[in-house]
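Numbering (the numbering used here), first residue to last: 1447 to 1849.
Beneath this line is the structure, given in structure tokens, with notes to follow.
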Amino acid sequence: MGGSCGASVTLLIGCVIICCCWCCVDVNGCVEEERRALLDIKHSLDSVGYDPTVLEDWVGGGDCCNWTGVECDAYRAVSKIDLSFVRLGFSQEWYPNASLFGQFTELKEIDLYYNGIAGWLNPQDIWHLQKVQLLDLTHNNLNDESIARLIVPWIHNLTSLFELDLGWNNLKEIRWISNITSLSSLDLSSTQIKDFSDLCQLQDLQDLDLSYNSMKGNIDTCLKRSIPISLFNSSNIMLLDIRKNFFSGPIPNSFQYLENIESLDLSNNNLSGEIPSQLDQLHSLSVFRVSYNNLSGFIPYNIQLCTFNKSSFEGNPGLSGELLIEKKCWSMHGTSQTYHDSSDGDHEDTSKDIDNDVIFYSFVAASFAIGFWGVIAVLAFNKNGRIKFFMAVDYFLYARMDV
1447 MGGSCGASVT LLIGCVIICC CWCCVDVNGC VEEERRALLD IKHSLDSVGY
1497 DPTVLEDWVG GGDCCNWTGV ECDAYRAVSK IDLSFVRLGF SQEWYPNASL
1547 FGQFTELKEI DLYYNGIAGW LNPQDIWHLQ KVQLLDLTHN NLNDESIARL
1597 IVPWIHNLTS LFELDLGWNN LKEIRWISNI TSLSSLDLSS TQIKDFSDLC
1647 QLQDLQDLDL SYNSMKGNID TCLKRSIPIS LFNSSNIMLL DIRKNFFSGP
1697 IPNSFQYLEN IESLDLSNNN LSGEIPSQLD QLHSLSVFRV SYNNLSGFIP
1747 YNIQLCTFNK SSFEGNPGLS GELLIEKKCW SMHGTSQTYH DSSDGDHEDT
1797 SKDIDNDVIF YSFVAASFAI GFWGVIAVLA FNKNGRIKFF MAVDYFLYAR
1847 MDV
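Here it is as structure tokens:
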């Protein structure tokens, strides 16, 4: 009796919880409190100006999970807010009220790219959010103080943050960043930071964008001085972008240790010398750009793969290599293959195309023949199957005639 009573109580409690959750969720699937919070964010933009066409579907009623820039999880809670490019101009700086974002307890992505944000009101009201994985504040008017006021007290709860984009802001130092050890992607492009040694604690870092900064001097010396060398000995780095700086001297051989790197952009610097042959060992490299430097010599053979095109090397008059001649190549089963241009290269290309066409159409014809004669064989040797097949055909024809 006691067991049955306990089960009834448990069932009753479960029903009450479900009813409470149902009351919190609009019949159209949107959490009402979060819908109101989104509308409050929209109204907060009235005083600083915004593009009304971007948020034109942010109106009362309907499912806010379907609004532009909003995504929800399986439980209809807001998990992403994308307000990038929402403002028309920056004649007036925007100081968002962080309390408006603090109501989204399941929020995982916040994108405020290019909005003229200069600081925050009530930043403490967002510090309790623990599930944020992506925070994009690129192209704003933030400085060290405004970033620190928002992020530093929040760090102990940012254990899930894997992508942080702070590029194109007025930053000079990032000493606090070493405490966000979960980061795997970091954008610090176009800042005024001179010392990047605080990145040494970010052992899980995979994507690093330091483009459009003012790093100068020999690239190897500068990187060792301002960026921890342990970072370049790490096999985790998959993307490194240091284009549009003032690096000079040769491309360092130390890049050969980035064994898992997929994208390496060194373009628009003042690099000189040859491309190190050791880079042949970077088998995962699919994007490699060294355009508009002062490089010379021959392009290493394995860098002349299908994933790299002529534009990756342009602007270096001293470079030579067959990659600088237009060619075709293909990839099969994960391995890249190349063939060299010659005086009869066009004929060779044409013959390869013809061979590929012949193989393709031969395969199609063979497949059709096998399928057709396979069906005929089944009908010929399987009496029951043959009867069922023709009954089905008769039924289909009579059904069509009745229609």
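We put the beta carbon where it would ideally sit given N, CA and C, even for glycine.
Check	Outcome
Buried or exposed by the 16-neighbour rule on C-beta atoms within 10 Å, applied to L1741	buried
Proximal residues to N1866 (C-beta, below 6 Å), its chain only, five neighbours per side dropped	For residue 1866 there is no data in the structure shown, the boundaries of the chain being 1447 and 1849.
Three-state class that DSSP yields for K1756 in the structure shown	helix
Given P1696 as reference, the closest of P1569, N1682, N1664, Q1549 once Cα atoms are compared	N1664
Rounded C-alpha distance that separates I1721 from L1656	21 Å
Simplified DSSP state of R1621, which is helix, strand or coil	helix
Cβ-Cβ separation, T1584 to L1629 (assumed contact under 8 Å), whole Å	The pair is not a contact, with the Cβ atoms about 15 Å apart (cut-off 8 Å).
Alpha-carbon spacing of L1686 relative to S1730, whole angstroms	13 Å
Local conformation of C1510 per DSSP, three classes	helix
Residue range of the beta strand (DSSP E) that includes I1527	1524–1528
Cut-off 6 Å between Cβ atoms - residues of its own chain near N1555, not counting five sequence neighbours on either side	Checking the sequence shown, residue 1555 turns out to be Glu, not Asn. Closer than 6 Å at Cβ, skipping near neighbours: K1526, L1580.
Supposed close pair I1620, I1639 - CB separation, criterion 8 Å	6 Å
Close-in-space but distant-in-sequence residues of the same chain around N1587 (CB under 8 Å, 5 per side omitted)	F1536, E1539, G1562, I1563, A1564, N1615, N1616
Beta carbon of S1709 nearer than 7 Å to that of F1744	no
Same chain, Cβ closer than 8 Å to S1545, five either side skipped, listed in chain order	L1567, N1568, D1571, I1572
For D1555: DSSP bridge partner residues	Residue 1555 is actually Glu in this sequence, not Asp. E1555 pairs with K1526, L1580.
Nonlocal neighbours in the same chain, by C-beta distance under 6 Å from G1761, ignoring five residues either side	S1737, Y1738
Residues bridged to L1685 [DSSP beta-bridge criterion]	D1653, S1709
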